[in-house]
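Heads up: the structure comes next, in structure tokens.
There are 4 protein chains.
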Amino acid sequence: MSIGKHHWVIAEGFIPEKGPRPDDPKLSSHETACILNAGDQQASIELTLYFSDREPAGPYRIMVPPRRTLHLRFDDLTDPEPLPRETDYASVFVSDVPVVVQHTRLDARAADLALMTSLAWSS
Amino acid sequence: MSIGKHHWVIAEGFIPEKGPRPDDPKLSSHETACILNAGDQQASIELTLYFSDREPAGPYRIMVPPRRTLHLRFDDLTDPEPLPRETDYASVFVSDVPVVVQHTRLDARAADLALMTSLAWSS
Amino acid sequence: MSIGKHHWVIAEGFIPEKGPRPDDPKLSSHETACILNAGDQQASIELTLYFSDREPAGPYRIMVPPRRTLHLRFDDLTDPEPLPRETDYASVFVSDVPVVVQHTRLDARAADLALMTSLAWSS
Amino acid sequence: MSIGKHHWVIAEGFIPEKGPRPDDPKLSSHETACILNAGDQQASIELTLYFSDREPAGPYRIMVPPRRTLHLRFDDLTDPEPLPRETDYASVFVSDVPVVVQHTRLDARAADLALMTSLAWSS
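So the protein lines, in turn, are chains A, B, C and D. Plus 31 on top of the position in the first sequence (first one is 1) and you've got the numbering used here. Plus 31 on top of the position in the second sequence (first one is 1) and you've got the numbering used here. Plus 31 on top of the position in the third sequence (first one is 1) and you've got the numbering used here. Plus 31 on top of the position in the fourth sequence (first one is 1) and you've got the numbering used here.
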């Protein structure tokens, strides 16, 4: 089934410091864009990152195979440039096939975890 | 009143380890799809689960009686197969009557609880 | 300005036990429907609560004055009947003028707080 | 790319007490409206705040440069008047160019942090 939209925006973005478990990727602070490609064609996505005080970074090129989900960690981005922590940003995804995008942050700065998630905005 | 949509997508999905209270279903880690069928006909829903590295699982068949809500726990799914913990997934719901779906995670890995929720994406 | 929609649905609903500060309304577990009436006419809203195992409760009648917000606590509802804690429910709001509704839960069962929020679904 | 909507509503609003780290802006309680202006023209935004028991405050005038994001902290607002803590409010954004708005709260009242976020409602 082909389901979703071609344009997605996450207006919130901020990767906190890693916190007290810096060597555990799952339990240190991170942000994720969860992308579902429920269709039968590979999704080629261009991701652009926006900042408060400089020109945008990107495009980052992301592939999601057909009938697969990708939980893209923003701290894994390296090409064309890594995303610094403790920096306000926003992200725009442009896909060649319909997908659905949801944003999640895990904040591990305190001893315990805080979580938040939201559907991204689509058009 | 019949209210809602026929197609719903939750792009985020990950059931953390149960945490320090594994025998208390309410206080161990879980994810829920909260489904409202406000109409006067039973909702027959087909749920498909998508993964990062394998073909989708399902369909899971879910019934929601008229004028009822169902808080479906993903860790209760067994037929056609259970959903493993600590695994990235996404879910697509196709209902024969209009419903509304909201996604919630309780993460109990730390000593305290973290919560997150989002409306699912509809079409 | 008149802005919003007439129908709103919160598919998630569950008021946890009050937690270790039962006499402090702000720091004990609760759920809120935050309603904005940005228009110049009073909003008359009918709220119906749906459950997993019984017929719906309501309608509850809620008034929001023009140019005001109301943070409606579900544990304040009494007429026609109170809403029990630790019970799955969902809610449907029907307003005679456009409003906007957002849902928030504060979970105080653990020593610390957990929060979650989502825009409700509108039509 | 010009992407987004002109009207955005955050129905939830409440800035908790600062908590145990009052001198650390990032780790004391706050609320943020994350605004993305992905277009090539500056966004001029009028923000109005609504309350439960008084007439609205504003308009607050906010500028977001082209191709920039602004994480607007509500506790930074001063003109025409500051926003008190521990007060229910809601907010309406009217922009002259398309933008996207997401709402986030960090609650630091307890020893650890709680987070929540939601896409705002657009029209």
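A virtual CB, placed ideally from N, CA and C, is assigned to each residue, including glycine.
Taking A:ALA145 as the centre and dropping the five residues before and after it, the same chain places the C-beta of ASP138 closer than 7 Å to its C-beta, in chain order. Chain order gives no chain D residues near B:ASP138, where near means a beta carbon separation below 9 Å; the closest approach is about 12 Å. Bridge pairing for D:ASP138: D:ALA145 [DSSP]. Within the DSSP secondary-structure output, D:SER126 pairs in a beta bridge with D:ILE76. By the criterion of a C-beta distance shorter than 7 Å, C:ARG99 is surrounded in its chain by ASN68, once the five residues flanking it on both sides are discounted.
Per the Cβ contact rule, the region 53-68 of chain A is in contact with the region 97-116 of chain A (3 or more Cβ pairs under 8 Å). Taking a C-beta cut-off of 7 Å against chain B, the contacting residues of the region 63-95 of chain A are CYS65, ILE66, LEU67 and ALA69, listed in chain order. Taking C-alpha positions only, B:PHE124 is separated from C:THR79 by approximately 24 Å.
Residue-level contact check: B:ASP119 touches chain A, since one or more beta carbons of chain A fall below 8 Å from its beta carbon. Nearest CB-CB separation between D:ILE41 and chain A: not below the 8 Å threshold. Shown here, A:PHE82 sits in a strand according to DSSP, grouped into three states. At a cut-off of 8 Å between beta carbons, C:SER154 contacts chain B. Chain-ordered listing is empty here: chain A has no CB closer than 8 Å to the CB of B:VAL131, the nearest sitting near 13 Å.
The beta carbon of A:THR135 is closer than 6 Å to those of THR63 and THR148 in its chain, skipping five residues each way along the sequence.
Flagged as an interface residue toward chain C: B:HIS102, by a C-beta distance shorter than 8 Å. Contact annotation: the region 80-97 of chain B touches the region 113-123 of chain B, with at least three C-beta pairs closer than 8 Å. For C:GLY44, none of the residues of chain D pass the 9 Å Cβ criterion, the least Cβ distance being about 16 Å. C-alpha of D:ARG140 to C-alpha of D:GLU48: approximately 6 Å in a straight line.
Leaving aside the five residues that flank D:VAL128 on each side, the residues in its chain whose CB is nearer than 6 Å to its CB run, in chain order, GLY70, GLN72 and ALA74.
With respect to A:SER33, A:ILE76 sits apart: the two C-beta atoms are not nearer than 8 Å. Taking the CA atoms as reference points, D:SER154 sits about 31 Å from A:LEU114.
Counting only residues of its own chain and dropping the five nearest sequence neighbours on each side, C:ALA151 has a CB closer than 7 Å to the CB of TRP39, VAL40, ILE41, VAL132, GLN133 and HIS134. Counting of Cβ neighbours within 10 angstroms places B:ASP143 among the buried residues, the total reaching 16 or more. Interface annotation, B:GLY35: in contact with chain C, CB-CB separation under 8 Å. Counted as a single uninterrupted DSSP element, the beta strand (DSSP E) harbouring B:ILE66 occupies residues 61-68. Within the same chain, and ignoring the five residues on either side of D:ARG52 in sequence, the residues whose Cβ sits closer than 8 Å to its Cβ are LEU58, SER59 and ALA139. Using a CB distance cut-off of 8 Å, C:HIS61 does not count as an interface residue toward chain B. Any Cβ of chain A closer than 8 Å to the Cβ of D:ASP143 would place that residue at the interface, and such an atom is present. C-alpha of D:ASP110 to C-alpha of D:ARG116: approximately 16 Å in a straight line.
Pairing A:GLY35 with A:VAL130 gives a Cβ-Cβ distance under 8 Å.
C:THR100 has C:LEU67 as its beta-bridge partners, per DSSP. In the DSSP assignment, D:SER153 is bridged to D:TRP39.
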